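Undergrad: Numbering-wise (my numbering), the sequence shown opens with residue 1 and increments by one. This is the structure, below, for whatever I ask next.
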Amino acid sequence: MIDRVVTILVVEDDVDMLDGIADALEAYPSRYKLHILKAGNGQVALSLLALHVVDLIVSDIMMPQMDGFEFLRYVRQNPDWARIPFIFLTARGKQVDVRKGRLSDADLYMTKPFVMGELAELIQTQLDRSFERQKRRELTLELLKKNMMQILNHEFRTPLTYVTAYYDMLDRYLRNLETSQVSRNYGEYLHGIQTGCVRLTKLVGALIQVIELRSGEMVQQFAQRRS
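See below:
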């Protein structure tokens, strides 16, 4: 059963290797339907990232114009791409190279030659983890949204509740006084307070609705960006 369609960006300067990886990944059994984007170096890859929503990157290191490490730095510096799982796939298998790769911001470091089935399984595992983290972030955002709305609702409406309550008490008090003791202006003053309270209550209600809708749109945009 296909869970979802995912986009994988493969960056490799060897054209035969690039095509071979892309074809093998598309043919490998997976619960994800893979859409493969191909780039011959880091600069081309950055251009593709600007045009497509990418779920995972597989990149060589030794490439012309922009190597894998520089490409990775650009990816991690961009807020829209920073969380994309990143796998280095390279012929640089010396211990010092492996150590450098594993100390980088890449999620995995694989050396050539490699077993395609192993790469495919690692990709699927990285996608599973990425989508699980995304789900937790979305739940956290939704919880923050609810908490924010509760706070705003309380902070905005509580002062209005006090004003309205004191208005009611003052109105009852003045009504109990002798007519001669109450200036005719008091009625106008009270009417002004009441009118202001009503207008403020409506304004606060409208403002909270706008904030709620806007925060919901932000959560939706975040989800769409990563779906």
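C-beta atoms are modelled at their ideal positions from N, C-alpha and C, and glycine is treated no differently. Owing to the predicted nature of the structure, the values given are computational and were not obtained by experimental measurement.
What residue from L127, L72, P85 has the CA that sits closest to S104's CA?
TA: Measuring from the Cα of S104, the nearest candidate turns out to be L72.
Undergrad: Under 8 Å: do the segment 131 to 143 and the segment 36 to 49 share three or more Cβ pairs, one atom per stretch?
TA: Output reads no: the segment 36 to 49 does not touch the segment 131 to 143.
Undergrad: Could you give the C-beta distance for H35 and V15, rounded to a whole number, given that I count them as a contact under 8 Å?
TA: The pair is not a contact, with the Cβ atoms about 20 Å apart (cut-off 8 Å).
Undergrad: I need the straight-line Cα distance from R172 to V204, nearest angstrom please.
TA: Each residue's alpha carbon lies about 26 Å from the other.
Undergrad: Closest to D80 by CA distance: which of A27, G20, V53 is it?
TA: Checked all of A27, G20, V53; the closest Cα to D80 is V53.
Undergrad: If you count every other CB in all the chains shown that lies within 10 Å of the CB of P29, and 16 or more means buried, which is it?
TA: P29 is exposed by the Cβ-count criterion.
Undergrad: In the DSSP assignment, the beta strand (DSSP E) including S30 goes from what residue to what residue?
TA: Where S30 is concerned, there is no enclosing beta strand (DSSP E), given that its DSSP letter is neither H nor E.
Undergrad: Opposite A39 in the DSSP bridges: which residues?
TA: A39 pairs with V11.
Undergrad: Excluding sequence positions up to five away, which residues of its chain have a Cβ less than 6 Å from the Cβ of A91?
TA: Once the five neighbours on either side are set aside, the close Cβ partners of A91 are K112.
Undergrad: Helix, strand or coil for F69, going by three-state DSSP, please let me know.
TA: Correct three-state label for F69: helix.
Undergrad: Consult DSSP for V5 and reduce its assignment to one of helix, strand or coil.
TA: In this structure, V5 counts as strand in the three-state DSSP scheme.
Undergrad: If contact is defined by three or more beta carbon pairs under 8 Å, each pair taking one atom from either stretch, is the segment 18 to 29 in contact with the segment 42 to 51?
TA: Because the criterion of three Cβ pairs below 8 Å is not met, the segment 42 to 51 and the segment 18 to 29 do not touch.
Undergrad: From which residue to which residue does the beta strand (DSSP E) around F86 run?
TA: Start and end: 86 to 90.
Undergrad: Count the other CB atoms, across all protein chains shown, that sit within 10 Å of the CB of R199; report buried if there are 16 or more and exposed otherwise.
TA: Counting Cβ neighbours within 10 Å, R199 comes out exposed, since fewer than 16 surround it.
Undergrad: Restricting to runs no shorter than 3 residues, where is the beta strand (DSSP E) found entirely within the segment 106 to 177?
TA: Entirely contained in the segment 106 to 177, the beta strand (DSSP E) runs reaching 3 residues are, in chain order, 108 to 111.
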